[in-house]
C-alpha cells in the first residue's frame, strides 16, 4: 500500500511548484528537481496499482517485490519530508496590507529560515540516488507478469452442497422467503433477480447455498449454475464461459464449444426459451451487471431466476432494480442467535457452554458483532481447546492476532483482504484511517470528513468541494459494508459511524505493515513493543485512553497527524515534551482532552491544517494563532472560548470555524447556547464554508463583513436586533451555496424582520429561526430543498402550517413556543415527506388535528409542555408512526392515552408510547405501550 505515501507526496508536489516561483532559492530546490520527482512518483503510483491488481489475482507477493514496495514507500516519505521542510521554512502567505511591510516580513523570514533551506540540496541528491536504484530494480518486473504465475485455465466452481444445519441459525425466515421467491413468487413469469447483500461474513453465500442445492429447488428449472464472480480473475469472458459450462453440465449436455461467436452471445442463445436458475456469487463490480449479465441473461417469460450475492449495497440495489425484483440485506444475527450458533460450534457434544466459561464466551461472541462467519470460525477454533478459563480469556484478549495467524480463522482475514484490495488508493486511506479510533468508537461524520480533507485523502474537483468528495468516499465505504452507521441523521445521512471490531483488528495490522498509523499503546503491547514503536518513523500518531503516558521518548519529527482520544488525564510535562518534538504536524485533534489552556507551542506548527480543541476547557486563543497560515479547520465547540482575537482574520485558508457551546439541563431554553465574539475583518476569510455561532455586535458591523463570504455553506448568528435584519438579508442573498442558516435574536422579545429577503439561497436545507416574528416570511415556501426547519419563540398569531405545508422535501419540523393559537391543523395535502414532528411549549394549544392524507410518512412525534392540550385527532390515520413521546403533559391528556383510556384507539397502532414527567429534577417514565414504569 505504498501508493498512499506516493499519492501524498504527489499532492505536495502540486502545491510547492507555485511557491518556487516566488523565491530566489532555485539553486537548492529547482523546478527540474520537482518535475523529476513528480514524474517518478507518477510512474511508481502506476506500478503500485499494477502490483495491487496482481495481488488481487494471485493473493501473494514475492519477497523481492515486497522489499521494492517498501523502498518506494520510504523514498516517497523522504520526498514528503523534504517538501514539507521546504514549505516550513518558506515565507508563508503574508497577511500584511501594505506592499512594503510584506517585503520586510519576507526578508526577515528569509534571514531566519535561510540556513535550513540550504540543506535541501543534499537531501535531494540522496533521494535522486534512491530513485535511480528503485527504478533499476522495478524495471526487472516489467508489467508485473514475471512476478506472478497466472493460469489461464478456467476452473468450474461448485460449492459443496453438504451444509450443516447450524450454519443457518437465525436465517430461517430469510431462507423460507428466498425459496418462495424462486419457486412461487405469486406466479411471476418474468425474469426475477434476487439480490442478497451484507458485510463480509454475514452469511450471504451460506444462505443461498442452502436454497440453491436443494433438489426440490433445482428440479423446478431446466438448468442451473453457480459461479463465484470474484474468483474469475476479473475476466468477464472466463466468467461467462464457466457459467455456460455449468449450465450444460446441469443438463448432462456436451459443452457448446467456441464457434467463433462471442461467449456472451453463445450464453444468451443457450438460455433462450429455457427456465434457468443462475447464482452470481460475490459480485463486486457494478459494471459487470450493468454491462454484461443484465443483457446476457435473457428473459423468456418462463419463470427464470437470478440470485446475486454482494458485499456492496449499491451493487445489490442496481441488480434488483425492477419492480418484480427483490433485495435482502443481512446485517447480522441478533444476540440469542449469535449465542446459539457459537455454542453449537464451540461445544459440539451438547451445545451448552460451561458456567465457568460463560462470561468469557459472551465477550468473545460480542466481539464477533453478529457475523456468522466470524462466530463459526472463532467457535471452531475454540472447540478443541481445553475448558480452562484462563486459556479462553487469553484467546479473547488476543483475538485480533488469532484471526491473523490461526489458519482456522483465515477465512475472516481473507474476506476482509479481498474487500480491501478492491478499493482505490484514496478509499484505502479513508478506510485505514478508522484504525486511529479505539474499539467501539463512533466518530461523527463532519469530524471524519474534515480530517480526511486535512489529510488530503479527498481534494477539490472542478464540480465538487473537497468536503463533498470526502462525503462521497464515506458513502461508498458504507455501501461496501466496510463502514457501519451507528446513528442516522434526521435526513437519512449517517451522523456517526464506525468499523466492526474484527474489521478494526484487520486495518490496525495493515496500518502496522504499511506504516500508515501508529497507535499508543498497541493492544497487549509490552514495554519492548512500545520501545520498538518509538524507533519507527511515525507518520500518524493516535494516543488512546488506556495509555499511561504520552510517547515522549519517541521520535516525533516525522509525525503529520496526532490525535488524543478519550484521555482521562494528561501529564503536562509529557504533553509539552511531545509538542516540542513535533515539527511537520498538519493535523492536531485533542477533542475531549483534559486541557485548560491553549498550548503556546501549537502556534509554532506553521503547516497545521486541522486544529480541534472541541470539548476541552480552554478559555482563550492567543493572537499568535495568525502564524498558522495553512489552517483550514479550527474547532472550538463546547469549549470556554467566548471571544476570538482579531488576528483570526489573517488565516486566509480557513474553511471551518466552529465556536459555540450548549448548556442544556432538561429543556433547551433561550439562553442554552453561547456563541463567540468576532472582531471586524472576517471578510478576508473568503474560503470560509462553516461559521457558527457568532455574536452580532451592537452596531451589526460584522453583518457587513458577511457580504464577502459568498462560499459559506453553514452560517450561525445570535444576538440579532430588528435593525440588523436588513443587512442580514442582504448578506445571505449573496450566499448561493448556503445550506444551513441559524439565526437567533438578542432577546426573546426582539423581533426578527426577515421578510425583506427577496431571493434567499435556493440551496437551503436547514433553517432555524429563533426569536419573535410578526409573520412567517413567504419566501420559505419556495425552499424546495429544505429538509428541516425549526421555529422557536416566534409567538405567531397565525398558524405557520399554511406556509410550511407545501415544502416538498421537509423531513423534520420543530415548533417551539412559535404559535399562540389554540388549534394546529395539518391539512390533507401537506407534509408529504415529513418523518419527525416536535411540538413544544405551545401554552395556548388545546387541539392538534391531523386530516386524512397529511404526513403519510411520519414516524416520530414528540409533544412537550403543552399543558393545555386535550385532543390529538387523526393520529389513528398515521399508520407509519413508530414512536410517540410526551414530556410534562397534562395528567388528563396522558390518562386518555393509557390502555383502556378514552382515546386509546387513536394510538393503539403505535409500537412505542412514552410519557416523561419532571419531578424534583428527576425524570419519571411511564410506558404507555405496556405496564412498565420507572424513574431515572
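Residue numbers (mature numbering (1 follows the signal peptide of the UniProt record, and there is no 0)): -21 to -1, 1 to 915. For glycine and all other residues, C-beta sits at the position ideal for the given N, C-alpha and C.
Going by C-alpha distance, which of the options is nearest residue i?
i	options	result
residue 899	16, 645, 482, 291	645
residue 287	22, 735, 727, 187	187
residue 343	329, 328, 370	370
residue 110	152, 52, 161	52
residue 919	859, 609, 605, 185	Here the chain comprises residues numbered -21 to 915, so residue 919 is not present and cannot be evaluated.
residue 362	546, 325, 349, 906	325
residue 906	48, 865, 885	865
residue 519	414, 583, 585, 586	414
residue 435	729, 408, 583, 247	408
residue 48	357, 65, 642, 24	24
residue 710	445, 680, 727, 698	680
residue 554	637, 321, 522, 628	522
residue 337	319, 348, 352	319
residue 753	777, 747, 745	777
residue 176	153, 630, 730, 44	153
residue 178	457, 354, 102, 299	457
Give the straight-line distance between the Cα atoms of residue i and residue j, rounded to the nearest whole angstrom.
i	j	result
residue 87	residue 667	Confidence is the limiting factor: at residue 87 the pLDDT is only 47, short of 50, which leaves the residue's position unreliable and the question unanswerable from this model.
residue 423	residue 453	12 Å
residue 129	residue 56	Legend: pLDDT at residue 129 = 34, less than 50; position of this residue unreliable, value from coordinates given subsequently. Approximately 32 Å, taken between the alpha carbons.
residue 261	residue 291	9 Å
residue 690	residue 665	7 Å
residue 163	residue 859	29 Å
residue 660	residue 687	10 Å
residue 633	residue 787	35 Å
residue 156	residue 191	13 Å
residue 834	residue 789	10 Å
residue 892	residue 411	42 Å
residue 404	residue 785	44 Å
residue 6	residue 733	Below a pLDDT of 50, predicted positions are generally treated as unreliable, and residue 6, at 45, falls in that range; the measurement from the model is reported next regardless. Those two C-alpha atoms are separated by around 60 Å.
residue 773	residue 419	41 Å
residue 724	residue 530	48 Å
residue 769	residue 838	18 Å
residue 795	residue 643	16 Å
residue 897	residue 592	34 Å
residue 256	residue 350	27 Å
residue 94	residue 726	Low local confidence applies: a pLDDT of 46 at residue 94 is under 50, so the model's placement there is unreliable, with the coordinate-based value given in what follows. Residue 94 and residue 726: Cα-Cα distance of roughly 57 Å.
residue 533	residue 607	25 Å
residue 340	residue 375	8 Å
residue 546	residue 781	51 Å
If you follow the beta strand (DSSP E) that residue i is part of, which residue opens it and which one closes it?
i	result
residue 277	Unbroken run through residue 277: none, as it is neither H nor E.
residue 747	745 to 749
residue 771	767 to 771
residue 554	Here residue 554 belongs to no beta strand (DSSP E); instead the alpha helix (DSSP H) covers 551 to 560.
residue 873	Counting along the chain, residue 873 falls outside any beta strand (DSSP E), though it belongs to the alpha helix (DSSP H) covering 870 to 876.
residue 523	Element bounds for residue 523: n/a, residue is neither H nor E.
residue 839	839 to 843
residue 306	305 to 308
residue 566	566 to 568
residue 518	Run containing residue 518: none; DSSP gives neither H nor E here.
residue 895	891 to 898
Along the alpha helix (DSSP H) that carries residue i, what are the first and last residues, could you check?
i	result
residue 782	780 to 783
residue 158	151 to 162
residue 451	445 to 458
residue 244	242 to 250
residue 56	42 to 68
residue 315	314 to 325
(request) Note down, one range per segment and in chain order, each alpha helix (DSSP H) of at least 4 residues found wholly within the stretch 387 to 427. (result) 389 to 400, 404 to 411
(request) Counting only runs of 4+ residues fully inside the stretch 190 to 238, write out the alpha helix (DSSP H) ranges in chain order. (result) 194 to 197, 215 to 229
(message) Three Cβ pairs or more, each shorter than 8 Å: is that satisfied between the stretch 594 to 604 and the stretch 428 to 445?
(response) Short answer: they don't touch.
(message) My parser needs the beta strand (DSSP E) runs of 3 or more residues fully inside the stretch 635 to 717; what are they?
(response) 635 to 637, 669 to 674, 693 to 699
(request) Report yes or no: do the stretch 757 to 769 and the stretch 726 to 744 share at least 3 C-beta pairs separated by less than 8 Å? (result) yes
(message) Within 8 Å, do at least three Cβ pairs link the stretch 183 to 200 to the stretch 314 to 333?
(response) Judged by Cβ distances under 8 Å, the stretch 314 to 333 makes no contact with the stretch 183 to 200, as fewer than three pairs qualify.
(message) Is it the case that the stretch 291 to 300 contacts the stretch 236 to 253, given that we only count it when at least three CB pairs across the two stretches are under 8 Å?
(response) At 8 Å Cβ cutoff, the stretches do not touch.
(message) Across the stretch 820 to 830 and the stretch 843 to 855, are there enough close Cβ pairs to call them in contact, namely three or more that are closer than 8 Å?
(response) Enough Cβ pairs lie closer than 8 Å, so yes.
(request) Indicate whether the contact test is met: 3 or more Cβ pairs, each with one atom in the stretch 11 to 26 and one in the stretch 569 to 589, closer than 8 Å. (result) Touching, no.
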